[in-house]
Amino acid sequence: MVEMARMWTWPIAPFDHLSETPVKDKNHGSKTASSEVSSRSASVAESQKSSAPKPAVDHKRECTKIELFYDLFFVANLATVTITNEIVDVTTFKATLGFFSLLWFTWLQTILYDVRFSSDSVFHQAHKAISCAVMLAFVSCGAIYDTSNIDLTYAGLKYMSFVLMTSRLALFIQYGIVFHRSRGHQQTAMPFMLTMGTYLATAAGFLGVALGVQHYPRCYLAWYAICAFEAVFIIAISCHWRVVSFKRTHLVDRLSDLTLIIIGEGILSMSRRTYILFGTLNSPTAGTYGQIICTVLVAYMVYLLYFTHIEHDKFGTIRQQIWTILHYPLHVAILFTTDGASFLMLSRSLYRMTRVWVANWPLFTFDTWADFFSSFSSPAELASLLKADMDDLWSVMLKDPTHLLSLYDYNQAISSIETIDAAFNSTEWQNEAAATLSDLWNGVELAIFHEFGVAPHIPIGQSWSVQEQAESVEGVLGTVYLYFCFAAASLLFILAVMGFFAKKDVSKAMWLSIGIKAFMGTAVMLPVIASWLMDIGGIASFAPWSVAIVTLGYFTVVVSDHLITWFEKRRRPSHAEASHFCASPAQVSTHGDEVLDFKNECSDTATMFPPLNTSVGLNNEPFRFSNEI
2 MVEMARMWTW PIAPFDHLSE TPVKDKNHGS KTASSEVSSR SASVAESQKS SAPKPAVDHK
62 RECTKIELFY DLFFVANLAT VTITNEIVDV TTFKATLGFF SLLWFTWLQT ILYDVRFSSD
122 SVFHQAHKAI SCAVMLAFVS CGAIYDTSNI DLTYAGLKYM SFVLMTSRLA LFIQYGIVFH
182 RSRGHQQTAM PFMLTMGTYL ATAAGFLGVA LGVQHYPRCY LAWYAICAFE AVFIIAISCH
242 WRVVSFKRTH LVDRLSDLTL IIIGEGILSM SRRTYILFGT LNSPTAGTYG QIICTVLVAY
302 MVYLLYFTHI EHDKFGTIRQ QIWTILHYPL HVAILFTTDG ASFLMLSRSL YRMTRVWVAN
362 WPLFTFDTWA DFFSSFSSPA ELASLLKADM DDLWSVMLKD PTHLLSLYDY NQAISSIETI
422 DAAFNSTEWQ NEAAATLSDL WNGVELAIFH EFGVAPHIPI GQSWSVQEQA ESVEGVLGTV
482 YLYFCFAAAS LLFILAVMGF FAKKDVSKAM WLSIGIKAFM GTAVMLPVIA SWLMDIGGIA
542 SFAPWSVAIV TLGYFTVVVS DHLITWFEKR RRPSHAEASH FCASPAQVST HGDEVLDFKN
602 ECSDTATMFP PLNTSVGLNN EPFRFSNEI
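In our numbering, each residue's number is its place in the sequence shown (first place is 1) plus 1.
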């Protein structure tokens with residue numbers, strides 16, 4: 002019965018993580034006036050603790066099962082979109098980036114509430130069910146709108162706006178309930194009202210997009226501006242009012258979990274494309290195995306680069322907030338780095354097969370169609386030669402050549418040459434045969450890309466010819482190569498900035514690590530700049546080597562970071578040798594409701610200027626204020 006009563010409890014002032022517990026006297030010397038001061042301080046703190054209402058929200062330092070369950074919806078959304086919408090051009094790249102941005106910022110706003118105010122209650126579980134439903138609605142809306150053809154899919158944009166509005170209104174209600182139950186704390190009034198006002202304003206903004214997208218199709222771009230404003234404003238509130246900050250929460254763990262999820266999405270793409278590769282090729286080459294090894298190493302290096310820069314419980318309040326918002330560009334970089342690496346794993350085989358096929362184009366050998374057709378005595382001879390060459394080519398390269406026929410029936414296209422209703426080698430016959438061969442080459446090239454799981458992006462409501470589809474996928478290697486290298490370089494730049502905010506103590510070792518990341522990021526970016534001066538063919542020929550180059554760059558950074566850490570530990574004195582520099586904590590108890598606690602705690606680097614922590618009793622409810630940044 003007690004457990005049932007606790008579950009049905011409404012959330013009340015969830016500020017137990019801000020309360021100051023009585024500090025124990027570590028000085029076991031003579032019991033003089035100092036011991037009397039300590040006893041009075043303990044008695045005052047005990048009286049405050051007994052008189053204050055017990056919070057119903059327990060701030061845990063680890064993720065709860067319901068939070069991990071919510072993350073499953075995030076990874077399901079992301080996996081579904083990346084599988085069904087391959088990035089083949091700039092349009093699909095923008096669409097994927099936009100959908101991920103909406104998904105990420107919605108997840109962020111949800112966990113910013115969870116890490117501070119969530120509780121094991123029916124109220125919280127009901128709102129978590131709404132959050133999961135919102136995530137499911139995301140993927141539903143993503144399937145029915147297309148930003149490249151807004152006129153025909155504006156209904157999907159409208160539904161997405163309503164989903165975003167619903168998620169913010171749910172957060173508005175959640176914060177409102179917590180604010181209502183915490184109304185006795187005067188310091189919480191302003192931050193809660195600003196937070197609720199922000200969510201109400203963003204919900205109104207999404208409603209405005211829903212109402213105006215039919216008449217102003219480009220107004221959907223306001224989604225991203227609203228999400229950015231919302232995130233910055235909510236973070237700024239927690240920076241200014243420390244009473245609602247993320248200190249002593251498991252925010253770092255939640256962001257780390259999401260980072261693992263996004264890396265896992267890259268591994269999922271890698272596994273899927275490895276399956277396609279070995280299910281398609283007849284005999285993979287040594288270069289193919291090298292590509293796979295490099296792709297695996299890239300994902301592993303990304304994991305090492307991220308999780309070696311975090312120092313748990315070392316963040317200052319403002320540094321933690323900046324470090325949090327930097328996860329958006331970081332996760333974008335991880336997503337496109339791992340996805341690009343897994344796609345470029347196919348690039349060597351894909352480039353080799355398409356180049357062999359395109360090299361057989363008749364006009365590469367003959368000056369005109371008339372010269373080519375004149376080398377044959379009849380349409381049957383031409384058809385027989387084409388069919389024999391294609392059967393030999395695909396039997397050598399493909400494990401199952403008949404599967405290509407299911408994607409494009411080239412035998413039917415070849416046979417149609419024999420049924421042209423015109424005299425052989427006449428002008429009319431040559432024109433019709435040339436058009437048939439052009440469709441044949443485009444169709445087979447398109448089937449090769451389909452064989453490797455690559456399909457052109459055709460906007461909803463449009464119909465493309467075989468030639469248009471083939472031209473669309475021809476530039477896929479160049480597109481993937483460019484965004485992969487750019488994302489891989491950006492990942493190092495972002496980690497360099499995050500490393501600065503994640504380290505509590507500024508040192509030469511930290512600056513050396515940042516400098517190495519910035520240098521290697523620039524080195525990875527140089528091939529992208531050079532590729533802009535080349536044509537798509539040049540980029541495609543260089544693309545298979547890009548994963549190996551990035552792997553080498555990441556490996557250099559990982560080894561450098563470990564060497565820097567090793568030398569720093571050898572140079573730094575042990576904590577035991579430096580412990581005599583740490584002063585004992587001093588406690589001062591004053592009259593009334595005011596309790597001051599001046600702590601002098603020695604950090605890992607034995608700093609002589611420790612932070613000042615002051616606990617002030619306010620309305621019989623202790624709060625903590627820290628000058629630690």
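Every residue, glycine too, gets a C-beta built ideally from N, C-alpha and C. Note that the structure is predicted; figures quoted are calculated from it, not measured.
Best match in the options for proximity to residue i [C-alpha to C-alpha]
i, options, result
"A204", "A549, T286, A223 and M191", "A223"
"K129", "L98, F501 and K66", "K66"
"V245", "Q322, V558, I227 and N426", "Q322"
"L201", "A226, E231 and Q215", "E231"
"C228", "A300, L441, I326 and T296", "I326"
"A77", "L269, G213 and V164", "L269"
"Y1", "R273, T289, L261 and T281", "Absent from the model: residue 1. The displayed extent of the chain is 2 to 630, so no value can be given."
"S350", "T289, A226, R571 and V559", "T289"
"F180", "A171, A190 and L172", "A190"
"L406", "S378, E446 and Y555", "E446"
"S379", "L113, N426 and Y352", "N426"
"T111", "T85, A360 and Q175", "Q175"
"M271", "F207, A342 and K504", "A342"
"S284", "E382, D401, H241 and D372", "D401"
"F308", "D258, G280 and E266", "D258"
"F556", "V297, K159, D152 and I238", "V297"
"D506", "A237, G198, H310 and A384", "H310"
"C220", "E475, T148 and I238", "T148"
"L170", "G206, Q187, R184 and I151", "G206"
"H332", "H241, A488, G476 and H404", "A488"
"V481", "D393, W358 and S348", "S348"
"L137", "V558, T167 and E429", "T167"
"G198", "G177, L208 and G185", "G177"
"W546", "S464, G291, V560 and D368", "G291"
Sub-8 angstroms separation of residue i and residue j beta-carbons
i, j, result
"T339", "I264", "yes"
"M398", "Y411", "no"
"V210", "S162", "yes"
"A434", "I415", "no"
"A549", "M526", "no"
"G143", "V82", "yes"
"F453", "I277", "yes"
"Q431", "W362", "no"
"R274", "F344", "yes"
"V233", "S473", "no"
"C295", "T107", "no"
"F494", "R320", "no"
"T196", "I235", "yes"
"P218", "I145", "no"
"A334", "L492", "yes"
"Y1", "C133", "Since the first residue shown for the chain is 2 and the last is 630, residue 1 is missing from the structure and cannot be characterised."
"A423", "E429", "yes"
"P457", "Q470", "yes"
"V558", "M511", "no"
"V357", "L394", "yes"
"E266", "L69", "no"
Supposed close pair residue i, residue j - CB separation, criterion 8 angstroms
i, j, result
"I449", "T355", "6 angstroms"
"Y304", "Q215", "With 8 angstroms as the limit, Y304 and Q215 do not qualify as a contact, their Cβ atoms being about 45 angstroms apart."
"L1", "F75", "No information on residue 1 is available, as it lies outside the stretch 2 to 630 that the chain covers here."
"A524", "G500", "With 8 angstroms as the limit, A524 and G500 do not qualify as a contact, their Cβ atoms being about 18 angstroms apart."
"L478", "Y352", "6 angstroms"
"S140", "V164", "The sequence given here has Val at residue 140, not Ser. Their Cβ separation, rounded to whole angstroms, is 10 angstroms, which puts V140 and V164 out of contact at 8 angstroms."
"V529", "L483", "6 angstroms"
"L306", "L496", "6 angstroms"
Identified DSSP bridge partners for residue i
i, result
"L282", "L399"
Practice problem: Would you check if there are 3 or more beta carbon pairs closer than 8 angstroms linking the stretch 129-138 to the stretch 86-97? | Solution: Counting Cβ pairs under 8 angstroms, fewer than three are found: no touch.
Self-check item: the stretch 114-122 in contact with the stretch 249-266 per 3-pair CB rule at 8 angstroms
Solution: The stretch 114-122 vs the stretch 249-266: in contact.
Exercise. Please confirm if the stretch 553-566 is in contact with the stretch 511-520, defined as three or more CB-CB distances below 8 angstroms between the two stretches.
Key: At 8 angstroms Cβ cutoff, the stretches touch.
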